[in-house]
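Q: Okay, handing you the structure first.
Number of protein chains: 2
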Amino acid sequence: MAKHDPALSLLFHALADPTRRSILIRLAETPARVTDLAGPTGLRLPTVMRHLSVLEAAGLITTSKDGRIRTCAIVPEALDPVRTWLDEQRAIWEARLDRLDAFVMNVMKEREE
Amino acid sequence: MAKHDPALSLLFHALADPTRRSILIRLAETPARVTDLAGPTGLRLPTVMRHLSVLEAAGLITTSKDGRIRTCAIVPEALDPVRTWLDEQRAIWEARLDRLDAFVMNVMKEREE
DNA sequence: GCGATAGTTAGCGACATGGCTAAGCATGAT
DNA sequence: ATCATGCTTAGCCATGTCGCTAACTATCGC
Numbered sequence: 001m002a003k004h005d006p007a008l009s010l011l012f013h014a015l016a017d018p019t020r021r022s023i024l025i026r027l028a029e030t031p032a033r034v035t036d037l038a039g040p041t042g043l044r045l046p047t048v049m050r051h052l053s054v055l056e057a058a059g060l061i062t063t064s065k066d067g068r069i070r071t072c073a074i075v076p077e078a079l080d081p082v083r084t085w086l087d088e089q090r091a092i093w094e095a096r097l098d099r100l101d102a103f104v105m106n107v108m109k110e111r112e113e
Numbered sequence: 001m002a003k004h005d006p007a008l009s010l011l012f013h014a015l016a017d018p019t020r021r022s023i024l025i026r027l028a029e030t031p032a033r034v035t036d037l038a039g040p041t042g043l044r045l046p047t048v049m050r051h052l053s054v055l056e057a058a059g060l061i062t063t064s065k066d067g068r069i070r071t072c073a074i075v076p077e078a079l080d081p082v083r084t085w086l087d088e089q090r091a092i093w094e095a096r097l098d099r100l101d102a103f104v105m106n107v108m109k110e111r112e113e
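See below:
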């Protein structure tokens, strides 16, 4: 029960950007060089690099350099904490709903307008 | 297959902040007034209001005003898109791993340092 | 009506983010 | 040795984020 889990924040923040999500999806297909990732996005190299370092800081990808080529690959288990948090929340939220909060919700909905 | 799904971005961004996550967890317990939410965080009212509007814009909470009191409550199904996206990704990522990308990963790991 | 209570709005400051260009550095091909 | 390629670094600009204070509005209790 981390009060303010930094890893979770990094993960969510990394996933909040559409460009980064598309990079992840591209990498899910196959590992790729930085230039390969820049192509589809239409972004410049330094910009892509930044996104990559955000993804790497969040632990979502690993990169390694062979010669002058940096290869990026996905870290599949990196999503686990997100999934765990989501599961926890859903459990709590739904348990809560099973009680009569549904009633409260309804009252609020009616008053809403 | 939304190219750049704005709803998803809003959701992830809303979840990226520890304060907002703690507000959600607090609201999972029971609906609450704005002031009630401000207390535990130690933040000022306008600051909390901002967080609430981010959460509401993402569809994670609903709020309604009765007299001078605004009550906030969770929207449990709001997490569904996140969960769906996560499931999709995990499916793809793992399918990919079952092929011999594991080999590539290993090579990269060895070269990493 | 008067004062306390609950939110709201406006606006500020510090800093982060997401894009860029320009210039640098290392490696591979010739 | 030279040149092209691939990445990296430094730095700029516009915008967004997160906290605050101050001042305003709108109820509620008396």
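Residue numbers (full-length UniProt numbering), protein chains in the order written: chain H, 1 to 113; chain F, 1 to 113.
Quick reminder that beta carbons are idealized off the backbone N, C-alpha and C, glycines included.
Only a predicted model underlies this, so the values are computations on that prediction, with no experimental measurement involved.
(1) Could you have a look at Arg68 (chain H) and say whether DSSP puts it in helix, strand or coil?
(2) Report the neighbours of His51 (chain H) on chain F: residues whose CB is nearer than 9 angstroms to its CB, in chain order.
(3) Over the uninterrupted alpha helix (DSSP H) stretch that includes Val34 (chain H), give me the two end residues.
(4) Where Leu43 (chain H) and Ala7 (chain F) are concerned, what is the direct C-alpha to C-alpha distance, given to the nearest angstrom?
(5) For chain H, check one thing: does any of its Cβ atoms lie closer than 8 angstroms to the Cβ of Val34 (chain F)?
(6) Bridge partners of Ala73 (chain H), per DSSP?
(7) Along the segment 65-96 of chain F, what residues have a CB closer than 7 angstroms to any CB found in chain H?
(8) Buried or exposed, going by whether 16 or more other CB atoms sit within 10 Å of the CB of Pro46 (chain H)?
(9) Locate the alpha helix (DSSP H) running through Leu79 (chain F), then write down its first and last residues.
(10) Tell me, please, whether the CB atom of Leu15 (chain F) is closer than 8 angstroms to any CB atom in chain H?
(11) Under a three-way DSSP split, which group does Asp87 (chain H) fall into?
(12) Using CA coordinates, which residue listed in H:Val54, H:Arg83, H:Pro18 and H:Pro81 is at the minimum distance from Cys72 (chain H)?
(13) Within 8 angstroms (strictly less), CB to CB, does Glu112 (chain H) reach chain F?
(14) So, is Ala14 (chain F) buried or exposed, given that buried needs 16 or more other C-beta atoms within 10 angstroms?
(15) With DSSP as the reference, label Thr47 (chain F) as helix, strand or coil.
(16) In the DSSP assignment, find the unbroken alpha helix (DSSP H) run with Ala14 (chain F) in it and report its ends.
(17) Check the C-beta distance from Leu60 (chain F) over to Leu24 (chain F) and give it rounded, since I have them as a contact under 8 angstroms.
(18) If the criterion is Cβ atoms closer than 8 angstroms, does the pair Ile74 (chain F) and Ala16 (chain F) meet it?
(19) Interface residues of chain F around Ala28 (chain H) at Cβ under 8 angstroms?
(20) When you compare the CB positions of Leu10 (chain F) and Ala78 (chain F), do they come within less than 8 angstroms of one another, or not?
(21) May I ask you to report which of helix, strand or coil DSSP gives residue 155 (chain F)?
A: Straight from the coordinates:
(1) Arg68 (chain H) sits in coil when the DSSP states are folded into three classes, being neither helix nor strand.
(2) Annotation: His51 (chain H) has no Cβ neighbours in chain F at a cutoff of 9 angstroms; minimum Cβ distance is about 14 angstroms.
(3) Its alpha helix (DSSP H) spans residues Val34 to Thr41.
(4) Spanning the two alpha carbons is a distance of roughly 23 angstroms.
(5) It does not; no Cβ of chain H falls within 8 angstroms.
(6) Answer by DSSP bridge pairing, in chain order: H:Thr62.
(7) Those residues of the segment 65-96 of chain F that come within reach of chain H (Cβ to Cβ, closer than 7 angstroms) are Asp66, Thr71, Ala73, Ile74, Pro76, Leu79, Val82, Arg83, Leu86, Gln89, Arg90, Ile92, Trp93, Glu94 and Arg96.
(8) The Cβ neighbour count for Pro46 (chain H), taken over all protein chains shown within 10 Å, is under 16; the residue is labelled exposed.
(9) Note, Leu79 (chain F): premise wrong, no alpha helix (DSSP H); not H, not E.
(10) Chain H, which has a Cβ nearer than 8 angstroms to the Cβ of Leu15 (chain F), makes this yes.
(11) DSSP, read as helix, strand or coil, puts Asp87 (chain H) in helix.
(12) Comparing Cα positions, the closest option is H:Val54.
(13) Low local confidence applies: a pLDDT of 46 at Glu112 (chain H) is under 50, so the model's placement there is unreliable, with the coordinate-based value given in what follows. Interface residue (Cβ-Cβ distance to chain F less than 8 angstroms): Glu112 (chain H) is classified as such.
(14) With 16 or more other Cβ atoms from the protein chains shown falling within 10 Å of its own Cβ, Ala14 (chain F) counts as buried.
(15) Helix, per DSSP.
(16) Counting along the chain, the alpha helix (DSSP H) containing Ala14 (chain F) begins and ends at Pro6 to Leu15.
(17) Leu60 (chain F) to Leu24 (chain F), Cβ: 6 angstroms. Contact.
(18) In this structure, Ile74 (chain F) keeps its C-beta atom at 8 angstroms or more from the C-beta atom of Ala16 (chain F).
(19) Chain F residues near Ala28 (chain H): Gln89, Ile92, Trp93 and Arg96.
(20) A distance of 8 angstroms or more separates the beta carbons of Leu10 (chain F) and Ala78 (chain F).
(21) It is not possible to answer for residue 155 (chain F), since the shown part of chain F is limited to 1 through 113.
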